[in-house]
Structures are given as C-alpha cells and as structure tokens.
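Undergrad: What follows is a structure written as structure tokens; I'll ask about it next.
Protein chains: 2
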Amino acid sequence: MFLRITTAPLSLPNSLNDFGMTSSSNPIVSLNEFTYKKGTEIYGEKESAEYVYQVKTGAVRSYKLLSDGRRQIGAFHLVGDIFGLENGASHRFTAEAIVETTVRLIRRQSLETVADSDVMVAKNLLCMTTNNLQHAEDHMLLLGRKTSLERVAAFLLEMDKRIAASAVMALPMSRRDIADYLGLTLETVSRALSRLHELGVIGFLGNTQRQIVLLDRQQLATIDLQD
Amino acid sequence: MFLRITTAPLSLPNSLNDFGMTSSSNPIVSLNEFTYKKGTEIYGEKESAEYVYQVKTGAVRSYKLLSDGRRQIGAFHLVGDIFGLENGASHRFTAEAIVETTVRLIRRQSLETVADSDVMVAKNLLCMTTNNLQHAEDHMLLLGRKTSLERVAAFLLEMDKRIAASAVMALPMSRRDIADYLGLTLETVSRALSRLHELGVIGFLGNTQRQIVLLDRQQLATIDLQD
DNA sequence: CGGAGTGTTGATAAGAGTCAATACTAGTGG
DNA sequence: CCACTAGTATTGACTCTTATCAACACTCCG
Chain A
0 MFLRITTAPL SLPNSLNDFG MTSSSNPIVS LNEFTYKKGT EIYGEKESAE
50 YVYQVKTGAV RSYKLLSDGR RQIGAFHLVG DIFGLENGAS HRFTAEAIVE
100 TTVRLIRRQS LETVADSDVM VAKNLLCMTT NNLQHAEDHM LLLGRKTSLE
150 RVAAFLLEMD KRIAASAVMA LPMSRRDIAD YLGLTLETVS RALSRLHELG
200 VIGFLGNTQR QIVLLDRQQL ATIDLQD
Chain B
0 MFLRITTAPL SLPNSLNDFG MTSSSNPIVS LNEFTYKKGT EIYGEKESAE
50 YVYQVKTGAV RSYKLLSDGR RQIGAFHLVG DIFGLENGAS HRFTAEAIVE
100 TTVRLIRRQS LETVADSDVM VAKNLLCMTT NNLQHAEDHM LLLGRKTSLE
150 RVAAFLLEMD KRIAASAVMA LPMSRRDIAD YLGLTLETVS RALSRLHELG
200 VIGFLGNTQR QIVLLDRQQL ATIDLQD
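Chains as they are written, first to last, in numbering that gives the first Met the number 0: chain A, 0 to 226; chain B, 0 to 226.
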C-alpha cells in the first residue's frame, strides 16, 4: 500500500479548532495523518464515511462519475480545507489526491459525539456545510449558464483567491481536471487559456503550463459575469 | 400589495415539528401565513433573511441571475418544502411564486435562538442544509455532464417522486422554468419532451401541456444515466 | 535519449441555441 | 358566451459554440 501513517503531535495544530473545539471541551479525539501518492483514491463514492479529512499539504479532487465514465468534479480541496464531511453514513463523492497529499484524519463518530453535547461544535458543522452549499450553488450557475471563457475566468479568479502565494499561481491540477470541474473538455479549457493569454489577461511562467500570472484581474472579473 | 395575512391556528400543524421542536421544547414561535400571487417575489437575492418559509400550497422557484439576464434556477419548492434557510444574514437566491402560493413563515431569529439551546433543533437545521447540499451536488453533475435528453428525463423522475399524486403529474412550472433549471433553452426542453412522447415514454393528458403521464419509468431511468 | 504523460492547435462534427412561424391555451372584457 | 389577446408551447430552418478527432509540441522522468 501507499499509505504512510504518523501520529499527530499532542499539541493540536488547528484542525480541531476549526470545528470550534476548545482544549477544554474535548481532550482526546483521534488525530492522525495519512499521505496519499499522486492519483490515489482517498475514499470512494458510497463508501461508508468513517473519517473527515483536512488537507495538510497537497490537493484533492472530489468527483462523481456517470456509468459511462463522464466525470464531474464538484470541488478541489487545497491546503487547510476540510472535506469528506457527510451527514449520512456514506460519501457522496470519490476523493483522489491530485498530487502527493498529506491529510489529517478525524474520526467522524468522535466528531458526532462531541456535537451532541457541544452546541458550538454543532454550529461549526452547520457553518461548514453551509459554505459547501454556497459553493455548490454558485457552481450550478456557472455550469448551467456561463460560456467557456466565463467559466475559465471564474476558475482563475477562484484559484487566485485560494492559492495565490504571490502574483503567480501554481495550479496542482491538469487541464482535464479543470475541464471536469467546469463542465468542458480539456481542449476547450486550453483554447480559453490561450485566448486569455492573447488578450494579455494572463501570463505563463517559466517552462511549465501550470504557473499562471494574473496580469489583469479587473478584466478577468469583467469576463466572468457576476450575478 | 398582494399579501393576505392570516394567523395560524395555535395547534401547530407540522412546520415546527419539521425543525425537531416538540410542543414542550418551545411554546411560542411566531407562525404566520402569507399568500403570494403568481409571479411575485417572495424575497430577493442579497436581501436580509428575516424569515424561513414552508410551502403550504403552490410552488416556488429559487434562482440566481447573471448581470445580462441569464437565469439559473437552483431548486423548485413544492408543498411541504422548507426554503429560505440561510446561515449568513442574507438570501443567496431570489424566490418567486410560480403559481398562487401560500407559505408559512418562521422568524429566522426565533429559530436561531431555539437552536442555541436545543441540540435537536440544531441537528435538524444541519440535516436540512445537508439535504439541500446533496441536491445541489447531484444537480452539478446534471448541469456539467448530462445531455439534454438525460436532463429532461432526470427532471421528470425527480418531479414524479415529489408531485405524483397518481399516475399523472401536474407540473406547475413553464417550459422556460424547466429550461432554466436544467441549463437549457425552452425549445430544447420542448423538443426533448416531444421526443420522449414519440418514444412512448411519456403521455400528455387533457388539453394542457403540463399534465404528464409517465408511461415507462424504467426506460426514463435508462435514459437518465446514473452515477 | 526515449517514452509516457500533458498541453496546444487545427479541422470537422454534433448538439444545443437562435430566430421565426404557427398553434394552442387561458384569461379578459364586451 | 364568444371573440380577442397575451402568454405559452411546438416545430422548422439555420447558426454557433463546444465536442470530437487528430497531429504535433513540450516536459518530466526514468
């Protein structure tokens, strides 16, 4: 197997805090780390949801498949993001590591137990679910009504908000991943990026095609029509 | 104004129960009814969310608009459905009555107050939000990856589950509404329905085009590829 | 260096959109 | 009650965006 198991330090970093747990409210929640190689599955659709995950390093894609192989990526999970949070017992997406990825694991059951008594934790669960819902709602508008250029512009702006360490954005995902996120083909994504390049809105850095510089955020925002 | 205001009977019907409230847990939550005429707005996007709603009779569409008028309907709310539940302070959709519609109103604040103390209510809020999330996730797959025929088939099956009083389904919404829900044009929806009619999968009842009979659910499910 | 994986670009096809004509339905008022 | 009208639905002809198929280029590894 490709898994490397390590025990987390006892001084909690920030994952439990993200659920609104204070050090006093819950002393011991199983907290481990796993590392997944590029392209490996973290969990499958309809598998029982035993853990909730937080990305420590790397990037993850969550997707659904139709029976003939068509794929729709519902979300990308980047460093710090929590994913795999389901209310029912089973996962509604398949999650895969896009690149080598280390995640923190929280047992779902321990989380639920705490939520039963701690209203603060319960509220945070609701808040996180609501954020996911809001993202899905915005994405429905993109998938249902935006043109290919608008979709790619929206994608770049979203990633800029979430990744941009500096002016340059290092995308972990391939053109195919972007296409399956935006409901397009990889060729259409490539053409849209070329077009934005011609227009002087974005630039490519170095010799890789995944390092993108946003030269004109203003114009990108104009291309991506807002609601 | 088009509003008719009535006070609800003191014996709670089922709306508060839907939030997990027992008669003992909370005696008084403001509970009123409003009636909206066909086509009128119940609330607008970005308006502050003062109430949560439950459809008593009628039907509601929730949608987002792009600046140039393109519309994406995120959900239809039918009898019994609760909508307008936002975590943030403001609505993320515009809600309109599709036909004359009566709703029950619950003050958002009173709901929040109860949720702070009553874990049961908080859990029900989470559960409802999760159901909305699940619907949005499934709809992303439809919008991103399904063909027009698959979308219309999926729509009919969804409505069949939710409306079908008998074998016949009386759709409250127009072809345009269906189109904006499925990310298509009304012409494409009409053609898909005609095609399903030719194929003997559905039938039209009486002299209206909105009464549809599902003649072959099996084949409909085959057309709508599942994940 | 070689080969697999990834990305770009071009030619063509197909599905859905647009525009337009017509039919059907429901609501209005004489 | 019927005729008129506005709104809604269907269908056809044509266009356009995006998908598909294919060739080629680049990059990252071993």
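The beta carbon of each residue, even a glycine, is placed where N, CA and C say it ideally should be.
Checking contacts by CB at 8 Å: is V118 of chain A closer than that to chain B?
TA: Yes, V118 of chain A lies at the interface with chain B (some Cβ there is under 8 Å from its Cβ).
Undergrad: Counting contacts by CB-CB distance shorter than 8 Å, is I27 of chain A in contact with chain B?
TA: Note that I27 of chain A scores 44 on pLDDT, short of 50, meaning its location in the model is unreliable; the coordinates nonetheless yield the value given after this. So, not an interface residue.
Undergrad: Note down, in chain order, every chain B residue with its Cβ under 7 Å from the Cβ of M139 of chain A.
TA: The contacting residues are Q71, G73, A135, H138, M139, L142.
Undergrad: Are the beta-carbon atoms of M139 of chain B and M139 of chain A separated by less than 8 Å?
TA: Contact flag set, yes.
Undergrad: Going along the stretch 57-68 of chain A in order, which residues come within less than 8 Å of chain B, judged by CB to CB distance?
TA: Taking 8 Å as the Cβ-Cβ cut-off against chain B, the residues of the stretch 57-68 of chain A that qualify are K63, L64, L65, S66, D67.
Undergrad: So is A164 of chain B buried or exposed if we call it buried at 16+ other beta carbons inside 10 Å?
TA: That one is exposed.
Undergrad: Return yes when the Cβ of I97 of chain B is within less than 8 Å of the Cβ of D176 of chain B, no when it is not.
TA: Yes. Within cutoff.
Undergrad: The alpha helix (DSSP H) with G143 of chain B in it runs from where to where?
TA: Counting along the chain, the alpha helix (DSSP H) containing G143 of chain B begins and ends at 118-144.
Undergrad: Beta carbon of L219 of chain B, beta carbon of V200 of chain B: below 8 Å?
TA: Yes. Within cutoff.
Undergrad: So, L84 of chain B versus T128 of chain B, is the Cβ gap smaller than 8 Å?
TA: Cβ atoms of L84 of chain B and T128 of chain B: closer than 8 Å.
Undergrad: Going by CA-CA distance only, name the one from B:K122, B:V54, B:A94 that's closest to A114 of chain A.
TA: The shortest C-alpha separation from A114 of chain A is found at B:K122.
Undergrad: List the whole-angstrom C-beta distance separating V78 of chain B from V54 of chain B, where the pair is believed to meet the contact cut-off of C-beta under 8 Å.
TA: About 5 Å separates the two Cβ atoms, so the contact holds.
Undergrad: Quick check: what's the CA-CA separation for R103 of chain B versus L204 of chain A?
TA: Going by the C-alpha atoms only, they are around 56 Å apart.
Undergrad: Quick one: list the residues of chain A neighbouring L214 of chain B, beta-carbon separation under 9 Å, in chain order.
TA: Chain A residues near L214 of chain B: none, gap ~23 Å exceeds 9 Å.
Undergrad: Output, in chain order, the set of chain A residues within a Cβ distance shorter than 7 Å of L224 of chain B.
TA: Going along chain A in sequence order, the residues near L224 of chain B (Cβ under 7 Å) are L65, S66, D67.
Undergrad: Beta-carbon within less than 7 Å of S189 of chain A's beta-carbon, same chain only, minus the 5 sequence neighbours each way: which residues are those?
TA: The residues are R174.
Undergrad: Can you confirm whether M0 of chain A, when its beta carbon is compared against all beta carbons of chain B, has any partner nearer than 8 Å?
TA: Only weak support exists for where M0 of chain A lies, its pLDDT of 36 falling under 50; the coordinates are left without a value.
Undergrad: Inspect the beta-carbon positions of L213 of chain A and M168 of chain A and report whether they are closer than 8 Å.
TA: For L213 of chain A and M168 of chain A, yes; Cβs fall inside 8 Å.
Undergrad: Span of the alpha helix (DSSP H) holding S147 of chain A?
TA: Element bounds for S147 of chain A: 147-161.
Undergrad: Do V100 of chain B and Y35 of chain B have their CB atoms nearer than 8 Å?
TA: The sequence shown places Thr at residue 100 of chain B, rather than the Val named in the question. The answer is yes: Cβ separation under 8 Å.
Undergrad: For D67 of chain B, count the other beta carbons within 10 Å of its own beta carbon; 16 or more makes it buried, fewer makes it exposed. Which is it?
TA: Exposed, because fewer than 16 other Cβ atoms sit within 10 Å of the Cβ of D67 of chain B.
Undergrad: At which residues does the beta strand (DSSP E) containing K71 of chain B begin and terminate?
TA: The displayed chain sequence assigns Gln, not Lys, to residue 71 of chain B. Counting along the chain, the beta strand (DSSP E) containing Q71 of chain B begins and ends at 70-76.
Undergrad: According to the neighbour-count rule (16 or more other Cβ atoms, all chains shown, within 10 Å of its Cβ), is R161 of chain B buried or exposed?
TA: Exposed.
Undergrad: Rounding to the nearest angstrom, what Cα-Cα distance links R69 of chain A and R144 of chain B in this structure?
TA: One C-alpha to the other measures close to 7 Å.
Undergrad: Have a look at the DSSP bridge pairing and note the partners of R103 of chain B.
TA: Answer is B:E32, B:Q53, bridged to R103 of chain B.
Undergrad: Would you please verify whether the beta carbon of K122 of chain A is less than 8 Å from any beta carbon of chain B?
TA: K122 of chain A counts as touching chain B.
Undergrad: Name the chain B residues that come within less than 8 Å of L132 of chain A, Cβ to Cβ?
TA: Correct list: T128, N131, L132, A135.
Undergrad: Measure the C-alpha to C-alpha separation of S23 of chain A and A74 of chain A and round it to an integer number of angstroms.
TA: Legend: pLDDT at S23 of chain A = 42, less than 50; position of this residue unreliable, value from coordinates given subsequently. Going by the C-alpha atoms only, they are around 33 Å apart.
Undergrad: Flag this pair as yes or no: are the beta carbons of F82 of chain B and S109 of chain B separated by less than 8 Å?
TA: Not in contact: F82 of chain B and S109 of chain B (Cβ atoms no closer than 8 Å).
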